[in-house]
Each structure stands twice: as structure tokens, then as C-alpha cells.
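Okay, structure first, notes after.
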Amino acid sequence: MQQTRMVRVATVGSSFHARVIAARLGSEGIVTDLRGNLDGLYPVGAVYVYVDKDDLAEAQEILMLDDVESAFDEEYLAEGGAPPALWLVLGAIVCIAVALFSRSF
2 MQQTRMVRVA TVGSSFHARV IAARLGSEGI VTDLRGNLDG LYPVGAVYVY
52 VDKDDLAEAQ EILMLDDVES AFDEEYLAEG GAPPALWLVL GAIVCIAVAL
102 FSRSF
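Just so you know, my numbering puts 51 at position 50 of the sequence shown, and the rest follows in order with no gaps.
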């Protein structure tokens with residue numbers, strides 16, 4: 002019986018993020034093992050994503066390419082775009098200002 006040696010490929014801060022990475026690697030045929038605080042009562046703390054030693058290089062390449070692609074998705078911010086959350090905050094500030102201004106009359 003051949004025993005696989007699992008090595009850590011990523012450390013993330015939430016079980017959700019770890020599961021996303023595991024799903025991404027799984028879609029490429031890479032088996033993962035998640036360790037750490039996954040389903041505890043208080044899911045706080047690091048979660049570790051492990052892959053077989055033979056799949057480590059491929060897993061690192063996949064994750065690196067995903068990081069590079071996501072950097073281009075955020076490029077519009079540098080070109081003057083604003084994230085949707087910022088628009089929500091600005092809208093709330095305007096609504097509060099209008100409400101306060103209308104009370105003064």
C-alpha cells in the first residue's frame with residue numbers, strides 16, 4: 002500500500018476561503034486535505050490546505066495564476082473606478098445629510 006505524503010500549499014484565515022481553494026484545486030483533479038479550525042464552535046483561526054507532495058508544484062501554479070487573474074480584475078480601481086461598497090457608504094452619507102438638512106427647516 003502506497004502512503005501519500007501531504008504538504009501544505011496554503012494557509013488562510015477562514016474555512017470558507019479554504020473550501021474555495023480546495024474546490025478550485027479539486028476541479029483540476031488535485032486531492033486536498035483541510036486541517037485546522039474548520040467546523041469548530043468558533044471558526045476563528047488559521048485553516049491549512051494540504052495536497053499530495055507530487056501535486057505541490059501544480060497546485061502552487063494554479064493558485065498563483067488565480068491570484069494574478071484576480072489582480073487584473075481589481076485593476077479598474079486604479080483607473081478611477083470605485084468598489085460597490087464605497088458607493089453604498091457614500092449613498093448612506095448623502096441620505097443622512099439630506100435627512101438632517103430637511104429637519105432644520
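Heads up, the beta-carbon is just placed ideally off N, CA and C, and yes, glycines get one too.
Looking at the unbroken alpha helix (DSSP H) that takes in Gly27, where does it start and where does it end? 16-28
Taking Val21 as the reference, give the member of Gly41, Val50, Met65 with the closest Cα. Val50
In angstroms with no decimal places, state the Cα-to-Cα distance between Gly41 and Val99. 45 Å
Using the Cβ count rule (16 or more neighbours within 10 Å means buried), how would you classify Leu91? exposed
Just verifying my parser: in three-state terms, what is the DSSP assignment at Asp55? helix
Ala93 versus Val52: straight-line alpha-carbon distance, rounded: 45 Å
Is the CB of Ala100 under 7 Å away from at least one CB in chain C? Of the protein chains in this structure there is only one, and it is not chain C.
Would you check if the distance between the CB atom of Ala60 and the CB atom of Leu26 is smaller than 7 Å? yes
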